[in-house]
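Protein chains in written order, with my numbering: chain A, 1 to 173; chain B, 174 to 335. All residues carry an ideal CB built from backbone N, CA and C; glycine is no exception. These figures come from a predicted structure and were not determined experimentally. A short worksheet on the structure shown next.
So, in C-alpha cells, the structure goes:
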C-alpha cells in the first residue's frame, strides 16, 4: 500500500487534487499502485487535453485495462467527445515509461519531507554533531585530505563493495 | 567507478554539476554513497549527449522490476525531472534542478571546480549543498545536514587544502 503523498507524487499532482478526484469519481480510497497509475493518466488527460475528470477517468480505465497492466499497443486513438468528432493520439508506451520513471524515483530517492520547523540551531554545529554521535576527528581527518584524495577513497570503497558483492550474488544465483 | 563515470561525462562534453553524496564526499563527508547525482543543463544538445552516454551504459530504472517499458530519449528528460538509473558503470541519478538552489544555471553559479586525475568538473559548493538539504528536508537529509554543517564549521576554523 502507498501513502497519499506517494500516490500524489506518482500521479504528478498535489495531494488535494488526489483527494478531490478520488471523491468526485468515487474511486477506492485505498492508495495502491493501480490507483496511482489511473490518477496519473487522469491528470495527464485533464491537463493536456482539458478533459473533465469523468471523461479522463473513462479513457484511463480503457487504457489501463482495469488491472493496471500496461496496454499492448504503443499508441492508441481516444475520442474526447461522445460522438468521436474530436480524438487524440496517446503514446501509451511513453506514458508507461514516464510512470515507471516516477516509480523508480519514489522507490529510491523521493521521501516525505519532515514536518515542523527546522531546528533553530541554538547549539553550534560542532556541538550538534557531537550530540548526534558523529566522529568529528574523522571529519577533521577528511578535511586534511585533498578533494581528489577524498573522491579516490570513495571510489576505492565503491569498488571494494562491488567486488565483495559479486561472489555472493554468484553463489546465491 | 565515480572517476570513470565523471571522465566519460566530461569526455562527451556534457554540461553538469555534481550534487548529492559525491559532492558531499568532495567537501569531506565521511558518509558512503553508492550513486552519482548530477544536475544537468537542459538544452537539447546536452540532453542528446546524455542520452547517447546512457544508452551506451545500458541505463535502466533503479528499484523497479525489470522489463518495464522505458524510453530513453530527449523527451523523457523533458517530462521527468528526476531520473534514478542503474547503469553498467554504477547507479546514476539525474536532476534538472536542485531543491533550494534552482536549475542548472543557478547550481553552476554556486559550484566550485574540482579535479580527479586529469578530469576537471564542477561540484556544488558546500553552502549550496547545505541549502539543498535544508530544502529537501527528508529524514536522511536532516541527518546529513548535521554533518555538513559540522564540516563547514571545521573548514572555516581551519581552511582545507585547495
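{"Query": "Run through the segment 188–258 of chain B for me and flag every whole beta strand (DSSP E) of 3 or more residues, listed as ranges in chain order.", "Result": "189–192, 208–213"}
{"Query": "For residue 205 of chain B, count the other beta carbons within 10 Å of its own beta carbon; 16 or more makes it buried, fewer makes it exposed. Which is it?", "Result": "exposed"}
{"Query": "Can you give me the C-alpha to C-alpha distance between residue 47 of chain A and residue 56 of chain A, rounded to a whole angstrom?", "Result": "10 Å"}
{"Query": "Just tell me which of A:23, A:27, A:32 has its CA closest to the CA of residue 7 of chain A.", "Result": "A:32"}
{"Query": "Using a Cβ cut-off of 8 Å (strictly closer), state whether residue 205 of chain B contacts chain A.", "Result": "yes"}
{"Query": "Is the CB of residue 237 of chain B under 8 Å away from at least one CB in chain A?", "Result": "yes"}
{"Query": "Whole angstroms are fine: how far does the CA of residue 304 of chain B sit from the CA of residue 40 of chain A?", "Result": "31 Å"}
{"Query": "Name, please, each residue of chain A whose Cβ falls closer than 9 Å to the Cβ of residue 195 of chain B.", "Result": "151, 154"}
{"Query": "Are there 16 or more other CB atoms within 10 angstroms of the CB of residue 160 of chain A, so buried, or fewer, so exposed?", "Result": "exposed"}
{"Query": "Excluding sequence positions up to five away, which residues of its chain have a Cβ less than 6 Å from the Cβ of residue 210 of chain B?", "Result": "192, 193, 266"}
{"Query": "Considering residue 178 of chain B, what are the terminal residues of the alpha helix (DSSP H) in which it resides?", "Result": "175–184"}
{"Query": "Does the Cβ of residue 218 of chain B have 16 or more other Cβ atoms within 10 Å, making it buried, or fewer, making it exposed?", "Result": "exposed"}
{"Query": "Apply the 10 Å Cβ neighbour rule to residue 1 of chain A and answer buried if 16 or more other Cβ atoms are within range, or exposed otherwise.", "Result": "exposed"}
{"Query": "In the segment 13–82 of chain A, which residue ranges form an unbroken beta strand (DSSP E) of at least 3 residues, counting only runs that do not cross its ends?", "Result": "75–79"}
{"Query": "Counting Cβ pairs closer than 8 Å, one from the segment 228–235 of chain B and one from the segment 254–266 of chain B, do we hit at least three?", "Result": "yes"}
{"Query": "If you measure from the CB of residue 137 of chain A, is any heavy atom of the ligand FAD nearer than 7 Å?", "Result": "Absent from the structure shown: the ligand FAD. Ligands present: none."}
{"Query": "Quick one: what's got a C-beta closer than 7 Å to residue 349 of chain B's C-beta in the same chain, skipping five residues either side?", "Result": "Any answer about residue 349 of chain B is impossible in this case: the structure gives chain B only from 174 up to 335."}
{"Query": "Are any of the Cβ atoms in chain A nearer than 8 Å to that of residue 266 of chain B?", "Result": "yes"}
{"Query": "Using a Cβ-Cβ cut-off of 8 Å, state whether residue 199 of chain B counts as contacting chain A.", "Result": "yes"}
{"Query": "Decide yes or no for the touch test of the segment 279–288 of chain B against the segment 175–192 of chain B: beta carbon pairs closer than 8 Å, at least 3 of them.", "Result": "yes"}
{"Query": "Count the C-beta pairs between the segment 174–181 of chain B and the segment 132–146 of chain A that are closer than 8 Å, then say yes if the count reaches three, no if not.", "Result": "no"}
{"Query": "Could you tell me the alpha carbon to alpha carbon distance between residue 247 of chain B and residue 188 of chain B, rounded to whole angstroms?", "Result": "15 Å"}
{"Query": "May I ask you to report which of helix, strand or coil DSSP gives residue 336 of chain B?", "Result": "Past the edges of chain B, shown from 174 to 335, lies residue 336 of chain B, and the structure says nothing about it."}
{"Query": "Considering only C-alpha positions, which residue in the set A:125, A:101, A:51 is nearest to residue 79 of chain A?", "Result": "A:51"}
{"Query": "Do you know whose CA, among A:36, A:145, A:137, lies nearest residue 13 of chain A's CA?", "Result": "A:36"}
{"Query": "For residue 102 of chain A, which residues from the same chain have a beta carbon less than 6 Å from its beta carbon, with the 5 sequence-adjacent residues on both sides left out?", "Result": "10"}
{"Query": "What number of angstroms, rounded off, separates the C-alpha of residue 252 of chain B from the C-alpha of residue 90 of chain A?", "Result": "15 Å"}
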